[in-house]
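Protein chains in written order, with my numbering: chain A, 1 to 612; chain B, 1001 to 1081.
For each residue, glycine too, the CB sits at the ideal point set by N, CA and C.
Just so we're clear, the structure is a prediction, and the values are computed from it rather than from any experiment.
In what follows, a structure is listed as C-alpha cells, so that the remarks can point back to it.
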C-alpha cells in the first residue's frame, strides 16, 4: 500500500521541483549521478568478489578485532557500508562466519563509512573533481567493454568513481546557485526541536536513497554552500546513520535467522549510537572543536568538522557497544528465533543456507549450495537408516553390522512419503531454484560445478524414492519364516548400512587416499551385490527355495537397492571429493572404473572356481 | 626466497613450463605417496589381525589400493612421456 503511494509521490515532488527550480534539477541530477556511480562501484567490486573479497573475508574475520578491522578497511576502500553489510549477512546466512564476527564487521563498516565524509569534505569540495571525472568515465567505459573479468571490474570502479565525482560536482553547483536565489538556511530550526526534526529528515532521506553516503555528501555540499546550519547538518548526519540500516534489513529479509539477527544488531548499534549522539550533542560539538583545533582544521571549515563529528560519534558507538557484544548476541538469539513448528501445523522445511543476496558472489553462492546439499545429505542419511529399520546413531557407531541390524529400531511416526514432502522436497526445490538463478553470474567452470551439484542432489533425492519402494518388502521379509528370503533381504539391509557408514567416513575424513579407496570399494560392492548380476537370484529360483512372488519382489527390490547404492556413490563423488585444482580430476581417474571392476570380479570368480 | 626459487615462481606464473601438467604430476605423485603409506599400514594391520572377516576386508582394501597405485603410475607415465 505504502509502496504504491510512495513512488508516485516521489515522482510528483521531483517533477514539481524541476518545474519551479532549475537549481533543484541540478541537485537532484547530482544525487542521481552519485547513486549511479555507487551502483557502478559496487558492480566493480563484485567482479572481484569471486575470489579476493570472499577469501579475505573468510580468513581475516576469525576474531572480533579482526572482524572490526576488516569492516573498517573494506568499507573505506569500497566506500559502501551497504555492500559490506549485505556481504556479511550473506556469509552469515551461508554459515561461513559467526554472528559475533558478523557484528564485528558491521561495527567496523560503520566507522569505515565515515572516511567518505572526510574524502568529500577534504578533497571533493576543495579540488575541482569534475575535471577528473571525465577521463575516469572514458577510461572506465573502455575497460568495461573488454572481455577480461578483471579489466571489466577496473572499468566499473573507474566509471563509478567518475560518476561519484560528477554527482558531487552537480550537487555543489546546484547548492551554490541556490544560494543566489533562495536561502534554505532561513528554514533552519534551532534547539532540541531542530535536532530531532533534522535527524528524522536524515533517516527518511537515507531510507529513500538507500545510501547514507549519498545523504552525507548532500549534507556536506549543502553545508559548504551555507544552505543548512552546522547544528542541523549534524542532526542530519545522525539521522543518515540510523536510516542506512534499511539496506541491511532489506538484505536480511530473504536471509535465514542469523542474517536477521545481524540486521537487528546493525539497527540496535546505529540506534544506540544515534541516541548517544543526540543526547550528548553539546559535549560532542565541544570535543569536535577541541580536536579540530588540535589537528589544524580551520575554525570556519564546518564540512571537515562534520566529518570529524561523524567519525567521533561512530567511534564512541563502537567503544560503548563492544563490551556488550556477547549480551547483544544472546539478546538477539533469544528474541529473533527460527519459526517454531507445531505438530498440528506441519509446514515443509526451508533451506537454511540459501540466501538470494549471495547470488552475485559466486564463491559464497557455491559454498552456500555445498552447505545446503550437505545438510540435505545428513537428513536423507537419517531417513534411509530409518527406512532400513536401523537407528541413524547405530550406523555411525563402532558396533558390527550384524549388531546394528539385530537391534530393532522402529519409529511409529515414520512415514517416508510425509517426510519426503515435509523435509526433502521443498529444500530440493530451493536448491534447484538457487542453482538456476546463480548460473547467470557464474563463469563457465563454475557452471560445470553447479551442474554436478544439481546431479548430486538429484541422486540424493532419488535414493528416497527407491527406499520408499524397497521399505515395504524389507518390513515384510526381514523376519519371514522362509530363511532364504529373510537372508537376502537382511543382506540388502547390511549392504546399504555398510555403504552409509562408508559415505559418512568419506564425508568426514580429510584423507584423500581414504576417500578414493572407500569410493572404489563402494563401486565394487555395488556391482558385487547386484543380485541380478551375481547369479544369486537365479540360483534361488532354480532350486525352488523361494516362491515366484518372492522372486519378483526380490528382483525389483534388488534393483531399488542397487540404485540407492549407485546414487549414494554418485553424490559422494561430487560432494565429498576435494574440489580444489586438478586433484579431484586425478582422483576420479584413479578410482576404479567399470572395466577395472569387471576385471577384478573375473579374477575373483576364477580364483573361487579354482578353490572349488 | 632464493634466486632459483624466484625464477621458478616467475616461470610458473608466466606459464613457461606447462604449469598445468606440472601441477598434475605433483598431485599424482603426492597421491601415490599417500596410497603407498596406506598400503604399508594395512599390511602391518593384516599381520596382527587374526579375525577371518577382518582379514578378508583388509585383503580387499589391499587389492583396491594396488589397483589404484597401478592406475596412478600409468597416469604419471603418460604425463612424463
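Using the beta-carbon count (16 or more within 10 Å), is residue 309 (chain A) buried or exposed?
On the first chain, residue 309 (chain A) is found 309 positions in, with the first residue counted as 1. Flag for residue 309 (chain A) reads buried.
Thinking C-alpha only, which one of A:399, A:495, A:474 is nearest residue 550 (chain A)?
Within the first chain, residue 550 (chain A) is the residue found at index 550, counting from 1. The residue with the shortest Cα to Cα distance from residue 550 (chain A) is A:474.
Identify the contact partners of residue 1038 (chain B) in chain A, using a Cβ-Cβ distance below 9 angstroms as the criterion.
Position 38 of the second chain, counting from 1, holds the residue named residue 1038 (chain B). Going along chain A in sequence order, the residues near residue 1038 (chain B) (Cβ under 9 angstroms) are 511, 513, 514, 517.
With DSSP collapsed to three states, give me the class of residue 60 (chain A).
Here residue 60 (chain A) refers to the residue found at position 60 of the first chain. It is coil, neither helix nor strand.
Close beta carbons around residue 155 (chain A), own chain, < 6 angstroms, minus the five adjacent residues each side:
Position 155 of the first chain, counted from the first residue, corresponds to residue 155 (chain A). The answer, listed in chain order, is 140, 143, 144.
To the nearest angstrom, how far is the alpha carbon of residue 302 (chain A) from that of residue 224 (chain A)?
The residue you call residue 302 (chain A) lines up with position 302 of the first chain. The residue you call residue 224 (chain A) lines up with position 224 of the first chain. Cα to Cα, the separation comes out at about 7 angstroms.
Is DSSP giving residue 463 (chain A) helix, strand or coil here?
Position 463 of the first chain holds residue 463 (chain A). Of the three classes helix, strand and coil, the one that applies to residue 463 (chain A) here is helix, per DSSP.
How many angstroms separate the CA atom of residue 535 (chain A) from the CA atom of residue 462 (chain A)?
For this step, residue 535 (chain A) is matched to residue 535 along the first chain. For this step, residue 462 (chain A) is matched to residue 462 along the first chain. Going from the Cα of residue 535 (chain A) to the Cα of residue 462 (chain A) covers about 26 angstroms.
Going by other Cβ atoms of all chains shown within 10 Å of its Cβ, with 16 needed for buried, is residue 451 (chain A) buried or exposed?
If you number the first chain from 1, residue 451 (chain A) lands on position 451. Residue 451 (chain A) comes out exposed.
Just to make sure I have the definition right: I need the residues of chain B whose C-beta is within less than 8 angstroms of the C-beta of residue 521 (chain A). Which are they?
Stepping through the first chain from its first residue, residue 521 (chain A) is reached at position 521. What residue 521 (chain A) touches in chain B: 1060, 1061, 1064.
Kindly indicate which residue of A:424, A:32, A:365, A:196 has the alpha-carbon position closest to the one of residue 459 (chain A).
Sequence index remark: in the first chain, residue 459 (chain A) carries index 459 (1-based). Here the closest residue by C-alpha is A:424.
State the DSSP-derived secondary structure class of residue 409 (chain A), mapped to helix, strand or coil.
Start at 1 with the first residue of the first chain, and residue 409 (chain A) comes out as number 409. Coil.
Of the listed residues B:1042, B:1069, B:1034, nearest to residue 1056 (chain B) (C-alpha basis):
Along the second chain, read from residue 1 onward, the residue named residue 1056 (chain B) stands at position 56. Here the closest residue by C-alpha is B:1042.
Residues in its own chain within less than 8 angstroms of residue 1076 (chain B) by CB, not counting five upstream and five downstream?
Counting from 1 along the second chain, the entry for residue 1076 (chain B) is found at position 76. 1025, 1028, 1029, 1032, listed in sequence order.
Give a yes or no on whether the minimum CB-CB distance between residue 300 (chain A) and chain B is below 8 angstroms.
Numbered from its first residue, the first chain carries residue 300 (chain A) at position 300. Using a Cβ-Cβ cut-off of 8 angstroms, residue 300 (chain A) does not count as an interface residue toward chain B, since no Cβ of chain B sits closer than that to its own.
If you draw a straight line from the alpha carbon of residue 436 (chain A) to that of residue 454 (chain A), how long is it in whole angstroms?
What you label residue 436 (chain A) is simply residue 436 of the first chain in a count that begins at 1. What you label residue 454 (chain A) is simply residue 454 of the first chain in a count that begins at 1. It is roughly 9 angstroms from the alpha-carbon of residue 436 (chain A) to the alpha-carbon of residue 454 (chain A).
Identify, in the order they occur along the chain, each residue of the same chain with its Cβ nearer than 7 angstroms to the Cβ of residue 524 (chain A), setting aside the five sequence neighbours on each side.
Here the question's residue 524 (chain A) lines up with position 524 in the first chain. Closer than 7 angstroms at the Cβ level, and outside the excluded window around residue 524 (chain A), lie 592, 597, 600.
So does the stretch 230-242 of chain A actually touch the stretch 199-214 of chain A, counting three or more Cβ pairs closer than 8 angstroms?
Under the three-pair Cβ rule at 8 angstroms, the stretch 230-242 of chain A counts as touching the stretch 199-214 of chain A.
Simplified DSSP assignment, three categories, for residue 174 (chain A)
Walking along the first chain from the start, residue 174 (chain A) turns up at place 174. Residue 174 (chain A) falls in the helix class under three-state DSSP.
May I ask you to check if the CB of residue 69 (chain A) is nearer than 7 angstroms to at least one heavy atom of the ligand ZN?
In the structure shown, the ligand ZN is absent, as is every other ligand, since no ligand is present at all.
I want to see whether chain A comes within less than 8 angstroms of residue 1024 (chain B), judged by CB atoms only; does it?
In the second chain, counting from the first residue as 1, residue 1024 (chain B) sits at position 24. Cβ-Cβ to chain A under 8 angstroms: yes for residue 1024 (chain B).
For residue 497 (chain A), I'd like the list of residues in its chain whose CB is within less than 8 angstroms of its CB, leaving aside the five on either flank, ordered along the chain.
Within the first chain, numbered from 1, the residue matching residue 497 (chain A) stands at position 497. Taken in chain order, the residues that qualify are 385, 388, 390, 395, 401, 404, 405.
Residue 1022 (chain B) versus residue 540 (chain A): straight-line alpha-carbon distance, rounded
Position 22 of the second chain, counted from the first residue, corresponds to residue 1022 (chain B). Position 540 of the first chain, counted from the first residue, corresponds to residue 540 (chain A). Their Cα atoms are separated by approximately 54 angstroms.
Exposed or buried, what is residue 578 (chain A) when buried is set at 16 or more other beta-carbons lying within 10 Å of its beta-carbon?
Walking along the first chain from the start, residue 578 (chain A) turns up at place 578. When all chains shown are included, residue 578 (chain A) counts as exposed.
Just mark residue 19 (chain A) as buried or exposed, buried being the case when its beta carbon has 16 or more other beta carbons within 10 Å.
In the first chain, counting from the first residue as 1, residue 19 (chain A) sits at position 19. Its Cβ having fewer than 16 others within 10 Å, residue 19 (chain A) is exposed.
Cβ closer than 9 angstroms: which chain A residues qualify as neighbours of residue 1031 (chain B)?
The residue given as residue 1031 (chain B) occupies position 31 in the second chain. What residue 1031 (chain B) touches in chain A: 512, 513, 516, 583, 586, 587, 590.
Mapping DSSP to helix, strand and coil, what is residue 225 (chain A)?
The residue given as residue 225 (chain A) occupies position 225 in the first chain. Coil, per DSSP.
If you count every other CB in all the chains shown that lies within 10 Å of the CB of residue 532 (chain A), and 16 or more means buried, which is it?
The residue you call residue 532 (chain A) lines up with position 532 of the first chain. By the 10 Å Cβ count, residue 532 (chain A) comes out exposed.
Any chain B beta carbon closer than 8 angstroms to residue 596 (chain A):
For the purposes of this step, residue 596 (chain A) is taken as residue 596 along the first chain, with counting starting at 1. With 8 angstroms as the cut-off, residue 596 (chain A) counts as an interface residue toward chain B.
Excluding five sequence neighbours on each side, which residues of the same chain lie with their C-beta closer than 8 angstroms to the C-beta of residue 26 (chain A)?
Within the first chain, the letter at position 26 stands for residue 26 (chain A). So the qualifying residues of the chain are 170, 171, 173, 174, 177.
In chain order, what residues of the same chain lie with their CB nearer than 7 angstroms to the CB of residue 33 (chain A), ignoring the 5 residues before and after it?
By one-based count along the first chain, residue 33 (chain A) stands at place 33. 163, 166, 167, 170, listed in sequence order.
Taking the alpha-carbon of residue 108 (chain A) as reference, which of A:79, A:276, A:260 has the nearest alpha-carbon?
Here the question's residue 108 (chain A) lines up with position 108 in the first chain. Ranking A:79, A:276, A:260 by Cα distance to residue 108 (chain A) puts A:79 first.
Would residue 380 (chain A) and residue 416 (chain A) be called neighbours here (beta carbons separated by less than 8 angstroms)?
As a working note, residue 380 (chain A) is residue 380 in the first chain. As a working note, residue 416 (chain A) is residue 416 in the first chain. Their beta carbons are not under 8 angstroms apart, which means residue 380 (chain A) does not touch residue 416 (chain A) by this criterion.
With a threshold of 8 angstroms between beta-carbons, can residue 1097 (chain B) be considered close to chain A, or not?
This structure cannot settle anything about residue 1097 (chain B), because the visible part of chain B is limited to 1001 through 1081.
With three or more C-beta pairs closer than 8 angstroms as the rule, is the stretch 468-482 of chain A touching the stretch 545-565 of chain A?
yes
What residue from A:528, A:410, A:439, A:562 has the CA that sits closest to residue 464 (chain A)'s CA?
Working through the first chain from its first residue, we reach residue 464 (chain A) at position 464. For the residues A:528, A:410, A:439, A:562, the minimum Cα distance to residue 464 (chain A) belongs to A:562.
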